[in-house]
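J.:
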Amino acid sequence: MGRSPCSEENSVKKGPWTPEEDQKLTDYIQKNGHGSWRALPKLAGLKRCGKSCRLRWTNYLRPDIKRGKFSNEEENTILHLHSILGNKWSAIAAHLPGRTDNEIKNYWNTHLKKRLIQMGIDPMTHQPKTDLFSCLPQLIALANLKELLEHTQLAHNLQYLNLLRQPTIIANNPELATALNATNFMATDQEPNPYFSNDSLQVGQGRVEMSDFFSVENAPVGGGCSQPLQQQVSIDQEVVGQCQMGLMSDKSSSSTWNPLPPLMDSSGSNNTNSQENSSTVSYGGGGASALNWPDFIFEDSFLEDNLSEIRQI
DNA sequence: AACATTTACAACCGCGGGTAG
DNA sequence: TCTACCCGCGGTTGTAAATGT
Numbered sequence: 026m027g028r029s030p031c032s033e034e035n036s037v038k039k040g041p042w043t044p045e046e047d048q049k050l051t052d053y054i055q056k057n058g059h060g061s062w063r064a065l066p067k068l069a070g071l072k073r074c075g076k077s078c079r080l081r082w083t084n085y086l087r088p089d090i091k092r093g094k095f096s097n098e099e100e101n102t103i104l105h106l107h108s109i110l111g112n113k114w115s116a117i118a119a120h121l122p123g124r125t126d127n128e129i130k131n132y133w134n135t136h137l138k139k140r141l142i143q144m145g146i147d148p149m150t151h152q153p154k155t156d157l158f159s160c161l162p163q164l165i166a167l168a169n170l171k172e173l174l175e176h177t178q179l180a181h182n183l184q185y186l187n188l189l190r191q192p193t194i195i196a197n198n199p200e201l202a203t204a205l206n207a208t209n210f211m212a213t214d215q216e217p218n219p220y221f222s223n224d225s226l227q228v229g230q231g232r233v234e235m236s237d238f239f240s241v242e243n244a245p246v247g248g249g250c251s252q253p254l255q256q257q258v259s260i261d262q263e264v265v266g267q268c269q270m271g272l273m274s275d276k277s278s279s280s281t282w283n284p285l286p287p288l289m290d291s292s293g294s295n296n297t298n299s300q301e302n303s304s305t306v307s308y309g310g311g312g313a314s315a316l317n318w319p320d321f322i323f324e325d326s327f328l329e330d331n332l333s334e335i336r337q338i
């Protein structure tokens with residue numbers, strides 16, 4: 026009873042198609058149309074089952090098939106339609122001229138599905154995953170990203186402070202000079218700044234190369250960043266503005282991690298040895314201080330007044 | 001250079017709906 | 001209404017190519 030499956034038919038060839046077989050099939054269909062697929066192999070002189078011929082034609086030999094990489098537009102269409110239709114590959118293919126359901130299915134399984142999983146999105150529901158284990162890699166990546174961005178803000182703040190050390194700026198702002206002196210951040214030519222240089226930075230007990238902060242190679246994997254990390258954190262002409270924002274946010278929120286150098290009372294006898302302090306001061310602690318940073322360094326007008334000096338550096 | 005592993009994709013398999021007799 | 005057959009669909013497998021060790 027019932028029909029015999031294609032694979033059980035006698036003398037039916039399976040496996041990859043040869044160029045000769047492709048040519049026979051193409052020639053026959055172009056001359057006669059496919060008609061009955063079941064009858065086609067015999068008429069075309071092929072030792073294949075009708076089903077195999079149909080698949081070969083519709084998925085590979087059909088002249089209107091588009092080859093090559095899927096465009097961003099096609100990817101977006103697949104993602105959108107899949108979120109509505111699910112695994113209805115033929116329905117999705119109907120919206121993508123030249124693409125077969127098989128090709129879309131393969132592309133989904135090998136590229137798009139994996140990408141959604143990496144982004145912490147359930148490929149079947151298109152919703153963010155809720156179970157902790159399945160999105161553990163994303164959580165780790167986010168934790169790494171947070172750490173990187175905190176260090177980046179620290180670097181920005183310190184670079185801003187370094188810019189403020191310029192003699193012309195200090196000469197015009199005695200209050201700033203006092204504050205900088207109070208941080209142990211002020212250095213002379215004979216006594217280099219222990220915390221910051223153009224290419225490295227003191228963080229707690231360690232020293233980190235600036236290149237570690239600002240290279241894509243060291244960026245955390247995953248995390249769903251919508252733009253290259255380098256674009257987000259690179260120090261360029263906007264660094265002054267970013268530094269100022271960092272300073273202001275830290276100033277207004279003392280309960281959060283504070284990357285600013287603490288102000289120290291310079292009248293104290295124990296704070297004169299910067300070399301000793303360099304090994305003990307931790308920016309992360311932000312310990313209690315009787316002194317405050319002068320308000321004017323957080324204001325736009327101060328920045329604008331000194332922008333020309335800062336940009337000459 | 002050799003081997004192992006991963007990736008990409010063509011092809012196969014089985015199921016279910018539709019239809020003619 | 002039942003049966004045999006055809007066709008299309010979605011899931012799965014096999015394998016060549018690419019990449020890593």
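When you read off a place in the first sequence, starting at 1, and then add 25, the result is the number in this note's numbering.
Here a beta-carbon is modelled for each residue, glycine too, at the ideal position from N, C-alpha and C.
Predicted model only: the values in this text are computed from it and were never measured.
Given that a residue counts as buried once 16 or more other Cβ atoms are within 10 Å of its Cβ, and exposed if not, what is residue 339?
T.: No answer is possible for residue 339: it lies beyond the span of the chain, which begins at 26 and ends at 338.
J.: Buried or exposed for residue 194, going by 16 or more other Cβ atoms inside 10 Å?
T.: So residue 194 ends up on the buried side.
J.: Residue 90 and residue 137 look like a contact to me (Cβ under 8 Å); what is the Cβ gap, rounded to whole Å?
T.: With a Cβ gap of about 20 Å, residue 90 and residue 137 do not count as contacting.
J.: Looking at the unbroken alpha helix (DSSP H) that takes in residue 146, where does it start and where does it end?
T.: Run containing residue 146: none; DSSP gives neither H nor E here.
J.: Leaving aside the five residues before and after residue 70 along the sequence, list all residues of the same chain whose C-beta is less than 7 Å from its C-beta, in chain order.
T.: Taken in chain order, the residues that qualify are 49.
J.: Quick test of the definition: if touching needs 3 or more C-beta pairs under 8 Å, does the segment 104–114 touch the segment 61–79?
T.: Too few Cβ pairs lie closer than 8 Å, so no.
J.: Short of 6 Å in beta carbon distance, which residues of its chain neighbour residue 79, apart from the five on each side in sequence? Order them along the chain.
T.: These residues qualify, in order along the chain: 62.
J.: Run through DSSP, which three-state label would residue 153 get?
T.: Residue 153: strand per DSSP, three-state reduction.
J.: Classify residue 107 as buried or exposed, calling it buried when 16 or more other Cβ atoms lie within 10 Å of its own Cβ.
T.: That one is buried.
J.: Would you call residue 145 buried or exposed, if buried means 16 or more other Cβ atoms sit within 10 Å of its Cβ?
T.: With 16 or more other Cβ atoms within 10 Å, it is buried.
J.: Going by DSSP in three states, residue 112 sits in which element: helix, strand or coil?
T.: Residue 112 falls in the coil class under three-state DSSP.
J.: Mapping the DSSP letters down to three states, classify residue 198 as helix, strand or coil.
T.: It is coil, neither helix nor strand.
J.: Could you spell out where the alpha helix (DSSP H) holding residue 83 opens and where it closes?
T.: Counting along the chain, residue 83 falls outside any alpha helix (DSSP H), and DSSP gives it neither H nor E.
J.: Using 10 angstroms around the beta-carbon of residue 340, count the other beta-carbons present and answer buried if the total reaches 16, otherwise exposed.
T.: Residue 340 is absent from the structure shown; the chain starts at 26 and stops at 338.
J.: Taking only the alpha-carbon atoms, compute the straight-line gap between residue 100 and residue 94 and give it to the nearest angstrom.
T.: Cα to Cα, the separation comes out at about 10 Å.
J.: Report all residues from its chain with a CB closer than 7 Å to the CB of residue 88; omit the five preceding and five following residues, and keep chain order.
T.: For residue 88, where only same-chain residues beyond five positions count, there are no Cβ hits under 7 Å.
J.: Excluding five sequence neighbours on each side, which residues of the same chain lie with their C-beta closer than 6 Å to the C-beta of residue 40?
T.: Within the same chain, residue 40 has no close Cβ partners at all.
J.: Helix, strand or coil for residue 55, going by three-state DSSP, please let me know.
T.: Looking at residue 55 - three-state DSSP - the assignment turns out to be helix.
J.: Among residues of its own chain, excluding the 5 on either side of residue 121, which ones have a beta-carbon nearer than 8 Å to its beta-carbon?
T.: Cβ neighbours of residue 121 beyond the five flanking positions: 99, 102, 103 and 129.
J.: Taking the beta carbon of residue 66 as the centre, do at least 16 other beta carbons fall within 10 Å, making it buried, or is it exposed?
T.: Result: buried.
J.: Taking Cβ positions, are residue 42 and residue 81 nearer each other than 8 Å?
T.: In contact: residue 42 and residue 81 (Cβ atoms closer than 8 Å).
J.: Does residue 46 pass the burial test, meaning 16 or more other C-beta atoms within 10 Å, or should it be called exposed?
T.: By the neighbour-count rule (16 or more Cβ atoms within 10 Å), residue 46 is buried.
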